[in-house]
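> I'd like to ask you about the structure that follows.
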Amino acid sequence: MARIETPKRVRGTQDIFGEEQRRFARVVEAFEHVRRLYCFQQVQVPVFESTGVFARSMGETSDVVSKEMYTFPDRGDDLLTLRPEFTAGICRAYITEGWQQFAPLKLTTHGPVFRYERPQKGRYRQFHQIDAEIIGAAEPAADVELLTFADQLLRELGIGEGVTLQLNTLGDAETRDAWRAALIEHFQSHRGDLSEDSLTRLEKNPLRILDSKDPRDRPAADSAPDIDAFLTTEAKDFFDAVTGGLDAAGVAWTRNARLVRGLDYYRHTAFEFVTDRLGAQGTVLAGGRYDGLIGNLGGPETPGVGWAAGIERLGMLLEAPAVEQVQVAVVVERAGLEAKGIELVASLRRAGVVAELFATGSPKKRYDKAVKSSPAEIVSIDVRDDAPVVNRRTLKSEAVDDEMRATLIAVLAAV
Ligand code: ATP
Ligand code: MG
């Protein structure tokens, strides 16, 4: 008989379990907590969109659109793409769902995103992002609020110390055109020193040469002109207002004049929160202002600013979260009394107590199994003089507060 081949997990995907899952959950919980503090609304958007949504908003020359998208025709021959990020889909929804009426909108979402990349530590083909956006606000105050949100999230996760906010401005359209022309001129005169990739970038997206990781490109990239000399008064005022706001909010930042981000749609503010603890995957949270995006998608000209962070990368930086604590273990020590155990554990759980039932396997071993689950209290059900008795033993008095003690006494009295 032919052996059945075991199915394999698809390369670059993850099954998240145990400690990894606890890390994942911790990131999402902290994000949800801070989201409320900053009065952002949650949204859900589709996992797939028409390919044009991403191609038009992220730019054909971006790494994501040119080589990382999962694109396929569906059974009706519509060309679809699994979302490689959230911003484009949210902006599509803003246009098609009439969300303009709610502007300015402060939104968050989280979930899986997909990119065809070479898998390695901290880099997957299906990964997960948390995402925050403000749409319809042109003021630098929106950039400041989003960055302060990100900073507070990292602090609440206990990883603020090792992570640095790197900040840059990409100016307005006028600034960017002038700077772009100067960069092309500079790189043209260094053509001989550039990598093949950067020669292609020179044609299509010369800004990207600035953050090239290829060592051959570094001398030319490092000697290239900064944007500062090309900033219009408006663009400079905008950047000053962002940095001033960050200082007022107590958010530390450093200027990185080489930070350009991969996407065509960025204007003004661009930023990354970076750590050296994750090797080449050191960017944990990144974003910027994308005032041209909604217009590019065919919507009304609408400013926007946002960021996204990899849940897995944030999770890797955390202290390992504690395993969830069993408050009460209910042990049925005598065969025949299982129904009593079922009743008791159900009552405890309904009263809000974290409880686990030990009522299977050899009755003699159940108590030891319950102790191994490391509960704060053990409640055991046994028989004495032919009548059922319930015994309570506290194992960790420090984990039992007055409220829980009262609940426990009330539940035990009722069964
Ligand atoms: P990188 O330079 O690492 O490829 P990126 O600039 O492509 O990152 P963004 O598009 O800004 O990343 O996405 C925001 C965040 O999503 C990143 O800062 C990172 O935390 C996370 N991220 C991006 N790509 C992956 C991936 N393939 N696997 C896991 N996390 C990722
Ligand atoms: Mg990338």
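Per numbering that gives the first Met the number 0, the sequence shown runs over residues 0 to 414.
Beta carbons are placed, not taken as given, at the ideal position from N, Cα and C, and that holds for glycine.
So Val331 packs on Arg383, CB below 8 Å; how close in whole Å?
As a position in the sequence shown, residue 331 is number 332, starting the count at 1. As a position in the sequence shown, residue 383 is number 384, starting the count at 1. So it is not a contact: roughly 14 Å between Cβ atoms.
> Report whether the distance from the Cβ of Leu284 to the nearest heavy atom of the ligand ATP is below 7 Å.
Taking the sequence shown and counting its residues from 1, one reaches residue 284 at position 285. Yes, since a heavy atom of the ligand ATP falls inside the 7 Å radius drawn around the Cβ of Leu284.
> Would you be able to state if there are at least three C-beta pairs under 8 Å between the region 212–229 and the region 180–187?
The region 180–187, when compared against the region 212–229, does touch it at the 8 Å Cβ threshold.
> Between Met403 and Ile129, what straight-line distance do the alpha-carbon atoms span, to the nearest angstrom?
For this step, residue 403 is matched to residue 404 along the sequence shown. For this step, residue 129 is matched to residue 130 along the sequence shown. Approximately 35 Å, taken between the alpha carbons.
> Sorry if obvious, but does the Cβ on Asp62 come closer than 7 Å to a heavy atom of the ligand MG?
For the purposes of this step, residue 62 is taken as the residue at position 63 of the sequence shown. Yes.
> Say yes only if the C-beta of Tyr265 is nearer than 7 Å to one or more non-hydrogen atoms of the ligand ATP, and no if none qualify.
Residue numbering aside, residue 265 sits at position 266 when the sequence shown is read from its first letter. Incorrect: Tyr265 has no Cβ contact closer than 7 Å to the ligand ATP.
> Can you tell me whether DSSP reads Ile415 as helix, strand or coil?
Residue numbering for the chain in the displayed model covers 0 to 414; residue 415 lies beyond these limits and cannot be assessed.
> Roughly how many whole angstroms lie between the Cα atoms of Trp98 and Ala92?
For the purposes of this step, residue 98 is taken as the residue at position 99 of the sequence shown. For the purposes of this step, residue 92 is taken as the residue at position 93 of the sequence shown. Each residue's Cα considered, the two are about 7 Å apart.
> Taking all protein chains shown into account, do 16 or more other C-beta atoms lie within 10 angstroms of the C-beta of Arg124, making it buried, or fewer, making it exposed?
Walking along the sequence shown from the start, residue 124 turns up at place 125. With 16 or more Cβ atoms within 10 Å of its Cβ, Arg124 is classed as buried.
> On the premise that Thr50 lies in contact with Leu81, defined as a C-beta separation below 8 Å, what is that separation, rounded to the nearest angstrom?
For this step, residue 81 is matched to residue 82 along the sequence shown. For this step, residue 50 is matched to residue 51 along the sequence shown. Their Cβ separation, rounded to whole angstroms, is 10 Å, which puts Leu81 and Thr50 out of contact at 8 Å.
> Could you confirm whether any beta carbon from chain B is found closer than 8 Å to the beta carbon of Leu198?
In the structure shown, chain B does not exist; there is a single protein chain.
> Taking 7 Å as the cut-off, is the CB of Glu84 close to at least one heavy atom of the ligand FMN?
Judged by which ligands are present, the ligand FMN is missing from the structure shown, whose ligands are the ligand ATP and the ligand MG.
> So the beta strand (DSSP E) Lys105 belongs to, where does it begin and stop?
Here the question's residue 105 lines up with position 106 in the sequence shown. Leu104 to Phe113 is the extent of the beta strand (DSSP E) around Lys105.
> Whole angstroms is fine: what's the gap from Gly397's alpha carbon to Ser373's?
What you label residue 397 is simply residue 398 of the sequence shown in a count that begins at 1. What you label residue 373 is simply residue 374 of the sequence shown in a count that begins at 1. A small fix is needed here, since residue 397 is Glu in this sequence, not Gly. Between Glu397 and Ser373, the C-alpha separation is close to 13 Å.
> Less than 8 Å between the C-beta atoms of Thr406 and Gly351, yes or no?
Your numbering for residue 406 matches position 407 in the sequence shown. Your numbering for residue 351 matches position 352 in the sequence shown. Yes, these two residues count as a Cβ contact at 8 Å.
> Return the first residue and the last residue of the beta strand (DSSP E) that Val162 is part of.
For the purposes of this step, residue 162 is taken as the residue at position 163 of the sequence shown. Segment: none, Val162 is in no beta strand (DSSP E) and carries neither H nor E.
> Of the choices Ala29, Pro214 and Ala180, whose alpha-carbon is the least far from that of Leu201?
Translated into the one-based positions of the sequence shown, residue 201 becomes position 202. It is Ala180 whose Cα lies nearest to the Cα of Leu201.
> On the criterion of 16 or more Cβ atoms from any shown chain inside 10 Å, does Arg34 qualify as buried, or is it exposed?
Within the sequence shown, numbered from 1, the residue matching residue 34 stands at position 35. So Arg34 counts as buried.
> By a C-beta neighbour count over all protein chains shown, 10 Å radius and 16 as the cutoff for buried, is Arg117 buried or exposed?
Along the sequence shown, read from residue 1 onward, the residue named residue 117 stands at position 118. The residue is exposed, with fewer than 16 neighbouring Cβ atoms inside 10 Å.
> Using the rule of at least 16 other Cβ atoms within 10 Å of the residue's Cβ for burial, across every protein chain shown, is Cys90 buried or exposed?
Here residue 90 refers to the residue found at position 91 of the sequence shown. The residue in question, Cys90, is buried, as its Cβ has 16 or more Cβ neighbours within 10 Å.
> Taking Ala223 as the reference, give the member of Gly191, Ala256 and Gly170 with the closest Cα.
As a first step, residue 223 must be located in the sequence shown, where it is residue number 224. If we check each option's Cα against that of Ala223, Ala256 comes out closest.
> How many angstroms separate the CA atom of Lys212 from the CA atom of Val259?
Residue 212 sits at position 213 when you count from the first residue of the sequence shown. Residue 259 sits at position 260 when you count from the first residue of the sequence shown. Cα to Cα, the separation comes out at about 13 Å.
> Would you mind reading off the limits of the alpha helix (DSSP H) that contains Pro218?
Taking the first residue of the sequence shown as 1, we reach residue 218 at position 219. Segment Arg217 to Asp221, the alpha helix (DSSP H) holding Pro218.
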